[in-house]
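Residue numbers (our numbering): 1 to 537.
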């Protein structure tokens, strides 16, 4: 055997995962041929070629180790194993999205994510003995039937369904599963069971109202008493005096247009029933719950997230009498459409746009939402889910938000190919997905009042008073227009204005005609202090 062959060494490639825990002596052993171990351990370094190879190997090892430490800790354990690299990057964000302990602004970040003090309030639906005694007869009722047709968007329908259950209880009638009127704007033909879990709805309310899927054969030929013009905010006494006699005679009562027809100031048991329907009985159907919870989990993958309900659609600007402020061209489009269809304007038609704005009657635009979030301490790397329709002006209308908060997603951004196909062109189902993600967020803020904002306000309160920012538009917009304020002073003022508007318990009875669905304290929630007082009395 030649001398060159005697000095030849064997090499093997070793993955960095195996190399990392090895000592330097182990590395040297790997470099040497196992067939002919060297008698002199320093001999290898006398050969320039061997020394060069060793240094090259060591350099490669250090490089691979550094690369390994840079890998994102979530990548090997992604909860969507089949997602593409683009989707994974979009959902996880970059390393900059992970807050660094001790970095500047950490205290402000912690304050922003801090949840309000719920003062120990928790759901508490204790019905009176009288209510429970009458429940047995009501739940077996088979002679009187109430039919209702509900209209509007998802959250308008929810409100009307809640009122329908309460009216059925007031009349001692069985409730036929509500009929959802086809939405003329969205063309959504979804039925009750497409949106809500029907069997859960029936089971949950079994001791309060008897609910049937359709009229029995004994009542199919009955001519229902139809009422289309129920006045606003009627009392239980008005309902009994108006309908009970005719219902006993005909057996079937048909009501339409229930929106805001029932009074918000009801006896305690009926208020509790409203909460029971809204927060317990009206659970979304299984397919909606599954996709909504999946999107919420994707948003939460790297920590807490904000949900915004943005009202930037064209019809919102037209109806509110406000202007989007994108450009003179867009403002003109809204103004012209409002003049062509003045019936769309919702009240106070004698007010100018400027007066409406300062009175807090206009939705916040993207610039104002951005300034408010920044002033309240939302970190730039905050992950934001936005719910709502397509903004007037397209994606450019959202640029002020996306520039300041780059981790900005809606359901389309979070979905994998084909996930939203079953819900396509079904506005109520898509709105339900938004509702679930928003309800599960750590912080929620609407840009304008409305049915969804009020519903989520109450739902988050009922779930333990999760943080809910109510923009104090009437007072803060004056400071938004004041260009002489320093940024520090502006932030101080905005935080002060919102100190008591972050989702803390808000007593419904402190203001007349508040809806218990938005303010469940005190009728539907109690704390130890309230319970102790009740036992003493």
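Note that beta-carbon positions come from the ideal geometry of N, C-alpha and C, so glycine has one too.
- Residue range 305-309 is occupied by the beta strand (DSSP E) that includes residue 309, with no alpha helix (DSSP H) assigned at that position.
- Note: residue 445 is bridge-paired with 308 in the DSSP secondary-structure output.
- Take residue 247, set aside five residues on each side of it, and the residues of its chain with a beta-carbon closer than 7 Å to its own are 144, 171, 173, 225, 253, in chain order.
- For secondary structure counted as the alpha helix (DSSP H) over 4 or more consecutive residues, the stretch 142-200 holds these complete runs in sequence order: 154-171, 192-195.
- Per DSSP, residue 340 is not a residue of any beta strand (DSSP E); the alpha helix (DSSP H) it occupies stretches across 328-340.
- With 16 or more other Cβ atoms inside 10 Å of its own Cβ, residue 494 counts as buried.
- Put simply, the backbone Cα of residue 446 is about 16 Å away from that of residue 383.
- Distance from the Cα of residue 286 is smallest, within the candidate group 117, 198, 371, for 198.
- Here residue 344 is not near residue 369, since their CB atoms are 8 Å or more apart.
- Beta-bridge partners of residue 383 (DSSP): 305.
- The way I'd put it, the stretch 443-463 does touch the stretch 304-314; three or more beta-carbon pairs between them come closer than 8 Å.
- Taking a cut-off of 8 Å on C-beta distances, the stretch 423-443 touches the stretch 186-197, as three or more cross pairs fall below it.
- Residue environment analysis places residue 404 among the buried positions, since at least 16 neighbouring C-beta atoms fall within 10 angstroms of its C-beta.
- In the DSSP annotation of this structure, the continuous segment of the alpha helix (DSSP H) that includes residue 404 starts and ends at 399-404.
- Straight-line spacing of the CA atoms in residue 395 and residue 242 works out to 51 Å.
- In this structure, residue 269 places its C-beta atom within 8 Å of the C-beta atom of residue 127.
- Closest in C-alpha terms to residue 423, from the list 392, 125, 290, comes 290.
- By the criterion of at least three beta-carbon pairs nearer than 8 Å, the stretch 407-421 is not in contact with the stretch 331-340.
- Cβ atoms of residue 326 and residue 393 come within 8 Å of each other, at about 5 Å.
- Excluding five sequence positions before and after residue 138, the CB atoms of its chain that fall closer than 8 Å to its own CB belong to 169, 172, 208, 209, 210, given in chain order.
- Excluding its 5 nearest sequence neighbours in each direction, residue 214 has C-beta neighbours in its own chain below 7 Å: 176, listed in chain order.
- Residue 411 sits in a helix when the DSSP states are folded into three classes.
- DSSP places residue 372 in the uninterrupted alpha helix (DSSP H) bounded by 366-375.
- Per the DSSP secondary-structure output, residue 211 pairs in a beta bridge with 175.
- The alpha-carbon separation between residue 437 and residue 413 amounts to approximately 13 Å.
- In the DSSP assignment, residue 140 forms no beta bridge with any residue.
- Residue 205 sits in coil when the DSSP states are folded into three classes, being neither helix nor strand.
- Selection 119, 160, 120 evaluated against residue 455 yields 160 as nearest (Cα-Cα).
- In the same chain as residue 284, and ignoring 5 residues on each side of it, the C-beta atoms closer than 8 Å to its own belong to 195, 196, 197, 292, 432, 435, 436, in chain order.
- Comparing alpha carbon positions, the residue from 522, 470, 524 closest to residue 502 is 470.
- Rounded to the nearest whole angstrom, the CA to CA distance from residue 118 to residue 466 is 8 Å.
- Going by beta carbons, residue 133 and residue 379 fall outside the 8 Å limit.
- With a 10 Å radius around the Cβ and a threshold of 16 neighbouring Cβ atoms, residue 453 comes out buried.
- With a threshold of 16 other beta carbon atoms within 10 Å, residue 231 falls short and is exposed.
- Inclusion of residue 507 and residue 275 in the CB contact set at 8 Å is not warranted, their separation being larger than that value.
- Taken atom to atom, the span from the alpha-carbon of residue 113 to that of residue 342 is near 43 Å.
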